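Engineer: Taken in sequence, the protein lines are chains G and X.
Residue numbers are given in numbering that gives the first Met the number 0: position 187 of the first sequence equals residue 186, and the series is strictly consecutive.
Residue numbers are given in numbering that gives the first Met the number 0: position 9 of the second sequence equals residue 8, and the series is strictly consecutive.
The beta-carbon is built from N, C-alpha and C at its ideal position, and this holds for glycine as well.
What you are looking at is a predicted structure, and each value in this text was computed from that prediction instead of being measured.
Sharing a structure with you now.
There are 2 protein chains.
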Amino acid sequence: MGDEAISERVVEELQRRILNGQIPVGSWLRHSTIAEEFGVSRTPVREALRVLHAQGIVTIVRNRGARVNGHSGRDVRELGEVRAALEGLAAELAVERINDAQIRQMEKALEDFAAALEKYAGNPELALSAEANQRWSETNRDFHSAILAGSGNHHLVLSIEDVGRRLPLNSSYPVYAGNSRLLKQNLEEHQRIATAIREHDADGAREAMVAHIRSASESLARYVEETERRR
Amino acid sequence: MGDEAISERVVEELQRRILNGQIPVGSWLRHSTIAEEFGVSRTPVREALRVLHAQGIVTIVRNRGARVNGHSGRDVRELGEVRAALEGLAAELAVERINDAQIRQMEKALEDFAAALEKYAGNPELALSAEANQRWSETNRDFHSAILAGSGNHHLVLSIEDVGRRLPLNSSYPVYAGNSRLLKQNLEEHQRIATAIREHDADGAREAMVAHIRSASESLARYVEETERRR
DNA sequence: TGGATCACTTCTGGATCCCATCTGCGGGGA
DNA sequence: TCCCCGCAGATGGGATCCAGAAGTGATCCA
Numbered sequence: 000m001g002d003e004a005i006s007e008r009v010v011e012e013l014q015r016r017i018l019n020g021q022i023p024v025g026s027w028l029r030h031s032t033i034a035e036e037f038g039v040s041r042t043p044v045r046e047a048l049r050v051l052h053a054q055g056i057v058t059i060v061r062n063r064g065a066r067v068n069g070h071s072g073r074d075v076r077e078l079g080e081v082r083a084a085l086e087g088l089a090a091e092l093a094v095e096r097i098n099d100a101q102i103r104q105m106e107k108a109l110e111d112f113a114a115a116l117e118k119y120a121g122n123p124e125l126a127l128s129a130e131a132n133q134r135w136s137e138t139n140r141d142f143h144s145a146i147l148a149g150s151g152n153h154h155l156v157l158s159i160e161d162v163g164r165r166l167p168l169n170s171s172y173p174v175y176a177g178n179s180r181l182l183k184q185n186l187e188e189h190q191r192i193a194t195a196i197r198e199h200d201a202d203g204a205r206e207a208m209v210a211h212i213r214s215a216s217e218s219l220a221r222y223v224e225e226t227e228r229r230r
Numbered sequence: 000m001g002d003e004a005i006s007e008r009v010v011e012e013l014q015r016r017i018l019n020g021q022i023p024v025g026s027w028l029r030h031s032t033i034a035e036e037f038g039v040s041r042t043p044v045r046e047a048l049r050v051l052h053a054q055g056i057v058t059i060v061r062n063r064g065a066r067v068n069g070h071s072g073r074d075v076r077e078l079g080e081v082r083a084a085l086e087g088l089a090a091e092l093a094v095e096r097i098n099d100a101q102i103r104q105m106e107k108a109l110e111d112f113a114a115a116l117e118k119y120a121g122n123p124e125l126a127l128s129a130e131a132n133q134r135w136s137e138t139n140r141d142f143h144s145a146i147l148a149g150s151g152n153h154h155l156v157l158s159i160e161d162v163g164r165r166l167p168l169n170s171s172y173p174v175y176a177g178n179s180r181l182l183k184q185n186l187e188e189h190q191r192i193a194t195a196i197r198e199h200d201a202d203g204a205r206e207a208m209v210a211h212i213r214s215a216s217e218s219l220a221r222y223v224e225e226t227e228r229r230r
């Protein structure tokens, strides 16, 4: 227990905070500040920042420090294309390899999503709440991770995680929040993917997944371009 | 000039040596040895090893050090599937986005490969030489990187590089070396991809590329399984 | 003689120290 | 008054120092 190196813990915590926006894009990460907060020396912090740099999460400027990378609309589209290809592969492979437990997890995520949609449908206030965001993200994650696990390809999971780290996915929630049209579309796309998997249609599953991820990332790209135009 | 951090240089050099087999799989990387060789202190070396760990190239065992990761046949197949999906996407995108210079680079790589095949065809000795290996790998790299550049997706390039780092590709040369059947097949697959791109057939290009990478990685997987059975 | 134990060696992980470089500010000169 | 230069503080990069963990081998006891 506790056999994890300090630098690893720092990496994970910083990843988390950057991903969920707690540490905003463009901010500088200072050795001393982070070291102090974690109650450690600067050495493991430096190692952590080098790792984040290698992962493309921050940029290290010599003698200046590490700064959190932002993402243009173009970045979002490019990452969307990559993620679509990878998740499309996952869906295609899952058709052959997914097991019953994973199928059930997938079905459950669908039901939960539908139930949440029902609940928040005619309730704009609730739909914008943090609780609602939590549910969208959780059911969404469960659905995708069931298929990912069903692909039986561990390196594929690693690659998708890698892409995910480069793109703060959580910045996608405000895109959906309160937009019942997009939420409904999301559900329909999920159902289309699930149906193809149930029916053992590998090409169909892949194509449905690719279309799904591309449309989602297109929405996100537009959102990003919109918000960056406003400042 | 020389504005690159020492740890970055160490990372790149170690990547290179591990990729080309100069540092064998399973060997331990010791701080002091590497530090001494590079004429630096252990600090940047430690940072470099953390980065290699994050990239999945080495495993860090607490209080023991870093060891170069090996690859089972299964790993090779999984990575092959991932790479096939990514390069397939590159081919698909290249159909729409590739420019004339990149087309010419692609054609030139094809011609060079064919010329090399011709030259070494009836000459088993030359075909096994380091010079021959050099030419196979170079023309192969040129062909794929032309298409990659033609995809116009920088994040895609990054992801493929990431997969490539996890799998010492150069270990694939001995698979081809002197095997004119595989080399010829390789050339034919490349030509099929190039034709689809020329004819603006996105699906065809993707499928040809996926088939190409999968068959190549299947050969590599068999080779790996064969050699690991021998010890 | 075989096996367990304990001291020694080696090496990593984290902390501290030192130095180079960059930024911001204030004073002096045009 | 404005610009430029230089100095001081802040910050990061690299080296060194120290403590603790794991392997190794010798020694002692059954």
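Determine the extent of the alpha helix (DSSP H) in which residue 72 (chain X) is found, giving its start and end residues.
Structural biologist: Locating residue 72 (chain X) in the second sequence gives position 73, where the first residue counts as 1. In this chain, the alpha helix (DSSP H) harbouring residue 72 (chain X) covers 72 to 96.
Engineer: Any beta carbon of chain G sitting closer than 8 Å to that of residue 6 (chain X)?
Structural biologist: One-based indexing of the second sequence puts residue 6 (chain X) at position 7. Interface residue, yes.
Engineer: Can you pull the chain G residues whose beta carbon is under 8 Å from the beta carbon of residue 202 (chain X), in chain order?
Structural biologist: Here residue 202 (chain X) corresponds to residue number 203 of the second sequence, with the count starting at 1. None at all; the shortest Cβ gap to chain G is about 10 Å.
Engineer: So, does the CB of residue 81 (chain G) fall closer than 8 Å to a CB anywhere in chain X?
Structural biologist: Translated into positions along the first sequence, residue 81 (chain G) becomes position 82. Output row for residue 81 (chain G): interface = yes.
Engineer: Looking at the unbroken beta strand (DSSP E) that takes in residue 244 (chain X), where does it start and where does it end?
Structural biologist: Residue 244 (chain X) lies beyond the stretch modelled for chain X, which goes from 0 to 230, so this question has no answer here.
Engineer: Please confirm whether residue 152 (chain G) has its beta-carbon closer than 8 Å to some beta-carbon of chain X.
Structural biologist: To locate residue 152 (chain G), count along the first sequence from 1; it is residue 153. Yes, residue 152 (chain G) counts as interfacial toward chain X.
Engineer: How about residue 113 (chain G) and residue 196 (chain G): do their beta carbons lie closer than 8 Å?
Structural biologist: By one-based count along the first sequence, residue 113 (chain G) stands at place 114. By one-based count along the first sequence, residue 196 (chain G) stands at place 197. No, they are not a contact pair.
Engineer: Here's a check: name, in chain order, each residue in its chain whose Cβ is nearer than 7 Å to the Cβ of residue 203 (chain G), leaving out the five neighbours to either side.
Structural biologist: By 1-based counting over the first sequence, the position of residue 203 (chain G) is 204. Only 195 meet the Cβ criterion.
Engineer: Going by the CB atoms, is the gap between residue 165 (chain G) and residue 78 (chain G) shorter than 8 Å?
Structural biologist: Taking the first residue of the first sequence as position 1, residue 78 (chain G) is located at position 79. Taking the first residue of the first sequence as position 1, residue 165 (chain G) is located at position 166. Yes; because the gap between Cβ atoms is below 8 Å, this pair is in contact.
Engineer: Once you ignore the five residues that flank residue 48 (chain X) on each side, which residues in its own chain have a CB closer than 7 Å to its CB?
Structural biologist: Stepping through the second sequence from its first residue, residue 48 (chain X) is reached at position 49. If we look at residue 48 (chain X) and ignore the five residues flanking it on each side, its Cβ neighbours are 28, 57, 59 and 65.
Engineer: Of all Cβ atoms in chain X, is any one closer than 8 Å to the Cβ of residue 53 (chain G)?
Structural biologist: What you label residue 53 (chain G) is simply residue 54 of the first sequence in a count that begins at 1. Chain X contact via Cβ: present.
Engineer: Are any of the Cβ atoms in chain X nearer than 8 Å to that of residue 50 (chain G)?
Structural biologist: The residue you call residue 50 (chain G) lines up with position 51 of the first sequence. With 8 Å as the cut-off, residue 50 (chain G) counts as an interface residue toward chain X.
Engineer: Here's a check: name, in chain order, each residue in its chain whose Cβ is nearer than 6 Å to the Cβ of residue 54 (chain G), leaving out the five neighbours to either side.
Structural biologist: Stepping through the first sequence from its first residue, residue 54 (chain G) is reached at position 55. Result list for residue 54 (chain G): 164, in chain order.
Engineer: When DSSP labels each residue in this structure, what does residue 67 (chain G) get in the three-state scheme?
Structural biologist: Working through the first sequence from its first residue, we reach residue 67 (chain G) at position 68. If DSSP states are grouped into helix, strand and coil, residue 67 (chain G) belongs with the strands.
Engineer: Check each candidate in G:9, G:154, G:91 and G:181 and name the one with the smallest Cα separation from residue 116 (chain G).
Structural biologist: In the first sequence, residue 116 (chain G) corresponds to position 117, counting from 1. Cα-wise, what sits closest to residue 116 (chain G) is G:181.
Engineer: Rank G:83, G:144 and G:208 by C-alpha distance to the C-alpha of residue 103 (chain G) and give the top, closest one.
Structural biologist: As a first step, residue 103 (chain G) must be located in the first sequence, where it is residue number 104. Cα-wise, what sits closest to residue 103 (chain G) is G:144.
Engineer: With burial defined as no fewer than 16 other Cβ atoms inside 10 Å of the residue's Cβ, what is the status of residue 199 (chain X): buried or exposed?
Structural biologist: Sequence index remark: in the second sequence, residue 199 (chain X) carries index 200 (1-based). Exposed.
Engineer: Rounding to the nearest angstrom, what Cα-Cα distance links residue 69 (chain X) and residue 161 (chain X) in this structure?
Structural biologist: By 1-based counting over the second sequence, the position of residue 69 (chain X) is 70. By 1-based counting over the second sequence, the position of residue 161 (chain X) is 162. If I take the Cα positions, the gap works out to 16 Å.
Engineer: I need the straight-line Cα distance from residue 83 (chain X) to residue 151 (chain G), nearest angstrom please.
Structural biologist: The sequence position of residue 83 (chain X) within the second sequence is 84, counting from 1. The sequence position of residue 151 (chain G) within the first sequence is 152, counting from 1. Those two C-alpha atoms are separated by around 16 Å.
Engineer: Going along the chain, which unbroken runs of the alpha helix (DSSP H) with 4 or more residues stay wholly within the region 114 to 180 of chain X?
Structural biologist: 123 to 126, 129 to 149, 153 to 165 and 172 to 175
Engineer: What is the residue span of the alpha helix (DSSP H) that residue 203 (chain X) lies within?
Structural biologist: For the purposes of this step, residue 203 (chain X) is identified with residue 204 of the second sequence, where counting begins at 1. Bounds of the alpha helix (DSSP H) holding residue 203 (chain X) are 201 to 228.
Engineer: For residue 43 (chain G), report the span of its alpha helix (DSSP H) as first-last.
Structural biologist: Against the first sequence, residue 43 (chain G) aligns to sequence position 44. Note, residue 43 (chain G): alpha helix (DSSP H), 41 to 53.
Engineer: By Cβ distance below 8 Å, which residues in the same chain neighbour residue 174 (chain G) in space, the five residues on each side in sequence not counted?
Structural biologist: Along the first sequence, one-based indexing puts residue 174 (chain G) at 175. Here the set comprises 181, 218, 219 and 222.
Engineer: I need the straight-line Cα distance from residue 96 (chain G) to residue 62 (chain X), nearest angstrom please.
Structural biologist: As a position in the first sequence, residue 96 (chain G) is number 97, starting the count at 1. As a position in the second sequence, residue 62 (chain X) is number 63, starting the count at 1. Roughly 39 Å between the two C-alpha positions.
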